[in-house]
Amino acid sequence: MEANDDSLKEKNFTLKSNNLKGQATAKEFFNSFGCTGQNTSPHLSWSGAPNETESFAVTIYDTVAPSGSGWWHWLIFNIPADVTELEPDAGDVTKTIAPERCVQSINDYSTLGYGGPCPPPGNLHQYIITVFALKTTLDLDKNTNPAVVGFNINANTIAKASMVIYGKR
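Rendered as structure tokens:
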């Protein structure tokens, strides 16, 4: 993931959250793998996307997970271009909170939708939350491997905005 590629940062494209204050809480933490959180995806909103945006994608990625390749916590894509907000718990695929027509693919927990932070005990982890403005919709489905989704998102990105949160248990 090219989270620090400055060439894709649009000056006015910003990402915010009403409930994240830089630290993942028990509400956002995963509820398995030794973690006992509520696994609620955060509220996210964005503004200032380029006019040529055809769709959005949002990812949450842990760059230092002890997997050797990071950890995808959430990949939601084909968000319509007129949508600029995801409500809390939109990552729960059993609910109808996420925008229609969007796709929530499998994450690195091998579950669909949002899988919250669950770092190894004692380690502070950095989670990069990114909204991508895409030049197209992605011809992928919910069972597409997270790395393939990430590749396709990056290949079709015209701008992106990110924020970082931290989590520790």
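Here full-length UniProt numbering is used: the first residue of the sequence shown is 1, the next is one more, and so on.
Glycine included, every Cβ here is placed at the ideal spot set by N, Cα and C.
Boundaries (first-last residue) of the alpha helix (DSSP H) holding residue i
i, result
"ASN123", "Run containing ASN123: none; DSSP gives neither H nor E here."
"VAL58", "That residue, VAL58, is in no alpha helix (DSSP H); its beta strand (DSSP E) goes 55-62."
"PRO146", "146-155"
Candidates the options, of which the one nearest residue i by Cα
i, options, result
"GLY91", "ASN152, GLY113, THR84 and ILE165", "GLY113"
"ILE165", "ASN156, ARG101, SER67 and HIS125", "HIS125"
"PRO80", "GLN38, THR136 and GLY115", "THR136"
Three-state class that DSSP yields for residue i in the structure shown
i, result
"ALA161", "strand"
"PHE13", "coil"
"THR40", "coil"
"LEU138", "coil"
"GLY167", "strand"
"SER32", "coil"
"SER69", "coil"
"ASN4", "Summary for ASN4: the model assigns pLDDT 46, below 50, so the residue's position carries little reliability; its value from the coordinates is reported in the next sentence. Looking at ASN4 - three-state DSSP - the assignment turns out to be coil, as it is neither helix nor strand."
Sub-7 Å separation of residue i and residue j beta-carbons
i, j, result
"residue 177", "PHE77", "Any answer about residue 177 is impossible in this case: the structure gives the chain only from 1 up to 169."
"TRP72", "PRO146", "yes"
"ALA133", "PRO50", "yes"
"TYR109", "PRO117", "no"
"GLU85", "SER45", "yes"
"SER105", "LEU138", "no"
Problem set entry | Those runs of the alpha helix (DSSP H) which lie wholly inside the region 76-132 and span at least 4 residues | Here no run is fully enclosed.
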